[in-house]
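Heads up: the structure comes next, in structure tokens.
Protein chains in written order, with the numbering used here: chain D, 6 to 414; chain F, 6 to 414.
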């Protein structure tokens, strides 16, 4: 008799975003005349820019001609794109080799799959709150105990509370852990780690022979030149860290699907030879994955041209201006809002410490605005909601006004 | 200290195709003047057809305009494409619901990932020979013992030998197994299961509450109207089987990346409610995957228009004509060749029973033709090679002639 992977039964609830969609849909059905205003999911709304569109069209055209048609590409990605990423890192002072870089169909699959190359006995630490994929994929793999509904966390996972007291970036844990997920600029809090904060984690990891999984999907939103955009800007990181990133928020590729992972051959684990983690990820990708779409990779190449990069900066500036409208708009009515300066997310304290989902419903019913409940990202997210700057300007303004005019604080 | 998933150490060797590429490259480097002729990897070579190109361009254009831009789509895929697939199955007499179908970035990821929703205690049976992904992903998950180099197989896996004696389609195993991988039309043997043969497996699975994972990636190559194109054409299959398929070989999407899985809600496991396996796969996909590219899905929609389908039939006929050239060409010089009638692969017995890799080298050195060693697909593949009909007509003819003229039999 076939049996299921019983770890799935441990999962606390449905994935956060489908639940948000369900509540919003239910409200809309009951109130068909109401216009819902969305500050919820971090989903890009602005069209792709001309250079990228041209790159994608040329990717399609290549497949129309016998001379330029390509079938299976390398699972690791198009060498030209890997080289373009090497050049990008070089501008940050980070020196990588082409085969340190693996192109993928996005940061979500990579951040979900990366845990599979590690043993089940590793102790995992996550920032709390954090993007749910880090925890959920470790639950499914069997690296955790049961969900503790009282505490809102899983037994066996080490949570690093990120609170207003530590600027939403916790120091390394006191106990020994083996795998550490870090996300900076942070989803959901919008906090960005300083060099000193990341150096602490790198030193911890090198001391304890832990591995840092660094999610840099929002690095292009950093405006402050003193803040690190890659973990590899930190001394010693190439020996203990790997990095996951994405074209989703750089270029509006949320639906187009393109990302990358950097797994430096210098990363050492278990006292094995350098290159071991890199070769494991290579084996994982060549066995379970068949490469990112060749059309999409042509679009990715266009992103890293100077025209493409200029246009993408415009896109990012657009969303960052939205972020300032939201943040200032919330502060104006006395709400406490963090993030949003070097990240597209605003992390807002609920008024009167009401619960996240309660405030979600309140915001939906009173102001017709959809947000993301902070508690969906971990227990320390309770009492917060995430507001996203991904939206058309006029809708952002409308949502902020509706909150200002209609929310009963 | 972080540790690796030690199951990776059990893997016998590199993935088959990189090893072929390595040997071919090494030969080419030593013999730069020689033109290598490729009958090896099953990689499409003919350009995409006009209706599909138009669909892909329109997918790109949609992203250029604020009115039609889309970000994240549903992880399960575009509803229109899921409906088109429902309609395709209806033509086979198979009635599915839209939410039985999950769009993905290809059959390789799906056939690799599907095992992760099942428990580690399940006994897995595979056809021998088989596409290496089925076994390798179960090894990595920890469902097997060590590789036995003498026997060329992994302890803990049940191999179902497919030999000339059983027409390269073995009956169900005598012992009880829990998960059965079947591929028809078969990669690598080109054998196609009859209704009666599949009925035996479905009856076995329903009796033992096993699950059949049916790989139908080559179903569009079936010309004989009596042969089933989907496992769901078989009575009782919707209670015990799921099916994986792909646009790669239908439409030349090997590099474009698009596939689907059918996980019927009627599929029951562990005496749990119907819908359990469907909901597990839904949870897996919503947690680890972010949907297939929206551009690529527009191309997939074009495949299932009548213009697209007609053009794709032309592509398939082209490759099938190649298959007959190869098969007849090999038979003409006294070699024994199977498959190739309802499948794009020819399964050829090596002359004088020499080993597969030995024949690979012989064919490479004498005829400058790259094939795929049968032993790379499992121990029963020893003494065979796979010849692929995916190639330009002139190259196929050249390769067949070169074998006829230069191979010393």
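All C-beta atoms, glycine included, are put in the ideal place defined by N, C-alpha and C.
- Query: Do you know how far the Cα of residue 104 of chain D is from the Cα of residue 42 of chain F?
  - Reply: One-based indexing of the second chain puts residue 42 of chain F at position 37. One-based indexing of the first chain puts residue 104 of chain D at position 99. One C-alpha to the other measures close to 28 Å.
- With a threshold of 16 other CB atoms inside 10 Å of the CB of residue 355 of chain D, please say whether the residue is buried or exposed. What you label residue 355 of chain D is simply residue 350 of the first chain in a count that begins at 1. Result: buried.
- Excluding sequence positions up to five away, which residues of its chain have a Cβ less than 7 Å from the Cβ of residue 144 of chain D? Counted from its first residue, the first chain places residue 144 of chain D at position 139. 12, 15, 16 and 159, listed in sequence order.
- Message: As an exercise, report each continuous alpha helix (DSSP H) stretch of at least 4 residues that is fully enclosed by the segment 277 to 355 of chain F, in chain order.
- Response: 281 to 293, 299 to 308 and 311 to 337
- Specify whether the segment 175 to 192 of chain D and the segment 123 to 132 of chain D touch according to this definition: at least 3 beta carbon pairs, one from each stretch, less than 8 Å apart. At 8 Å Cβ cutoff, the stretches touch.
- Message: What are the residues in the segment 281 to 297 of chain D lying within 8 Å of chain B by C-beta distance?
- Response: Of the protein chains in the structure, D and F, none is chain B.
- Give the secondary structure of residue 40 of chain D by DSSP, where H, G and I count as helix, E and B as strand, and everything else as coil. Taking the first chain and counting its residues from 1, the one referred to as residue 40 of chain D is at position 35. Assignment of residue 40 of chain D by DSSP, reduced to helix, strand and coil, places it in the coil class.
- Minimum Cβ-Cβ distance from residue 110 of chain F to chain D less than 7 Å: Position 105 of the second chain, counted from the first residue, corresponds to residue 110 of chain F. Interface residue, yes.
- May I have the straight-line CA-CA distance separating residue 375 of chain D from residue 142 of chain D, to the nearest angstrom? What you label residue 375 of chain D is simply residue 370 of the first chain in a count that begins at 1. What you label residue 142 of chain D is simply residue 137 of the first chain in a count that begins at 1. Cα to Cα, the separation comes out at about 26 Å.
- Message: Measuring CB atoms only, is the segment 51 to 64 of chain F touching the segment 63 to 81 of chain D, in the sense that at least three cross pairs come out at less than 8 Å?
- Response: yes
- Roughly how many angstroms lie between the CA atoms of residue 4 of chain D and residue 125 of chain D, to the nearest whole one? With chain D running from 6 to 414 in the structure shown, residue 4 of chain D is simply not present.
- Under 8 Å Cβ-Cβ, which residues of chain F neighbour residue 8 of chain D? Within the first chain, the letter at position 3 stands for residue 8 of chain D. Those are 123, 124, 126, 127, 183, 274 and 275, listed as they occur along chain F.
- Item | Where residue 235 of chain D falls: helix, strand or coil (DSSP) | Counted from its first residue, the first chain places residue 235 of chain D at position 230. Reduced to three states, the DSSP call for residue 235 of chain D is coil.
- Run down chain D in chain order and give the residues with a C-beta less than 8 Å from the C-beta of residue 114 of chain F. Numbered from 1 along the second chain, position 109 holds the residue referred to as residue 114 of chain F. Identification of chain D residues near residue 114 of chain F by a Cβ-Cβ cut-off of 8 Å yields 293, 294 and 295, ordered along the chain.
- Spatial distance of residue 407 of chain D from residue 21 of chain D (CA atoms): Sequence index remark: in the first chain, residue 407 of chain D carries index 402 (1-based). Sequence index remark: in the first chain, residue 21 of chain D carries index 16 (1-based). Taking the straight line from one Cα to the other gives about 24 Å.
- Use the C-beta contact count for residue 278 of chain F: other C-beta atoms within 10 angstroms, 16 or more gives buried, fewer gives exposed. The sequence position of residue 278 of chain F within the second chain is 273, counting from 1. Exposed, because fewer than 16 other Cβ atoms sit within 10 Å of the Cβ of residue 278 of chain F.
- Item | Closer than 7 Å to chain D by CB, residue 391 of chain F | In the second chain, the residue the question calls residue 391 of chain F occupies position 386. So no, residue 391 of chain F is outside the interface.
- Query: Going along chain D, which residues have a C-beta under 7 Å from residue 270 of chain F?
  - Reply: In the second chain, counting from the first residue as 1, residue 270 of chain F sits at position 265. Correct list: empty, because the minimum Cβ distance to chain D is about 15 Å.
- In DSSP terms, what residue 171 of chain F is bridged to: Position 166 of the second chain, counting from 1, holds the residue named residue 171 of chain F. According to DSSP, which records beta bridges pairwise, residue 171 of chain F is partnered with nothing at all.
- Can you tell me which of the three DSSP states residue 377 of chain D falls into? Here residue 377 of chain D corresponds to residue number 372 of the first chain, with the count starting at 1. Three-state result, residue 377 of chain D: strand.
- Message: Let me see if you follow: with CB-CB separation under 7 Å, is residue 100 of chain D close to chain F or not?
- Response: Counting from one through the first chain, the residue named residue 100 of chain D turns up at place 95. Interface annotation, residue 100 of chain D: not in contact with chain F, CB-CB separation never under 7 Å.
- Does the beta carbon of residue 150 of chain F come closer than 7 Å to any beta carbon on chain D? The sequence position of residue 150 of chain F within the second chain is 145, counting from 1. Chain D, which has no Cβ nearer than 7 Å to the Cβ of residue 150 of chain F, makes this no.
- Listed by chain order, chain D residues near residue 71 of chain F by CB distance under 9 Å: Along the second chain, read from residue 1 onward, the residue named residue 71 of chain F stands at position 66. Those within 9 Å of residue 71 of chain F in chain D are 50, 51, 52 and 397.
- Query: For residue 39 of chain F, does the count of other Cβ atoms within 10 angstroms reach 16, so buried, or fall short, so exposed?
  - Reply: Against the second chain, residue 39 of chain F aligns to sequence position 34. Label assigned to residue 39 of chain F: exposed.
- Message: Below 8 Å, how does it come out for the segment 320 to 330 of chain F and the segment 173 to 183 of chain D: are there three or more Cβ pairs, yes or no?
- Response: no
- Item | Partners in chain D for residue 11 of chain F, counting only beta-carbon separations shorter than 8 Å | The residue you call residue 11 of chain F lines up with position 6 of the second chain. Residues of chain D passing the Cβ test: 124.
- Message: Within 7 Å of any Cβ in chain D, is that where the Cβ of residue 65 of chain F sits?
- Response: As a working note, residue 65 of chain F is residue 60 in the second chain. So, interface residue.
- Message: I'd like the span of the alpha helix (DSSP H) that includes residue 23 of chain D, first residue to last.
- Response: In the first chain, the residue the question calls residue 23 of chain D occupies position 18. Element bounds for residue 23 of chain D: 21 to 35.
- How about residue 361 of chain D and residue 166 of chain D: are their beta carbons less than 7 Å apart? Here the question's residue 361 of chain D lines up with position 356 in the first chain. Here the question's residue 166 of chain D lines up with position 161 in the first chain. It is not a contact, given that the beta carbons lie outside the stated cut-off.
- Query: Should the segment 20 to 36 of chain D be regarded as contacting the segment 367 to 381 of chain D, the criterion being three or more beta carbon pairs within less than 8 Å?
  - Reply: yes
- Task: Could you tell me whether the segment 285 to 301 of chain F touches the segment 115 to 122 of chain F, using the rule of 3 or more Cβ pairs below 8 Å?
- Result: yes
- Task: Give the DSSP bridge partners of residue 220 of chain D, in chain order.
- Result: Working through the first chain from its first residue, we reach residue 220 of chain D at position 215. Residue pairing by DSSP places residue 220 of chain D opposite D/188 and D/249 in a beta bridge.
- Any 3 or more C-beta pairs closer than 8 Å across the segment 251 to 267 of chain F and the segment 215 to 223 of chain F: yes
- Query: Do you know whose CA, among D/350, D/352, D/299 and D/169, lies nearest residue 84 of chain D's CA?
  - Reply: Indexing the first chain from 1 puts residue 84 of chain D at position 79. Residue 84 of chain D has its Cα closest to that of D/299, out of D/350, D/352, D/299 and D/169.
- Kindly indicate if chain F contains any beta-carbon less than 7 Å away from that of residue 141 of chain D. What you label residue 141 of chain D is simply residue 136 of the first chain in a count that begins at 1. It does; some Cβ of chain F falls within 7 Å.
- Query: Between the C-alpha atoms of residue 193 of chain F and residue 301 of chain D, what's the straight-line distance to the nearest angstrom?
  - Reply: Taking the second chain and counting its residues from 1, one reaches residue 193 of chain F at position 188. Taking the first chain and counting its residues from 1, one reaches residue 301 of chain D at position 296. Cα to Cα, residue 193 of chain F sits roughly 30 Å from residue 301 of chain D.
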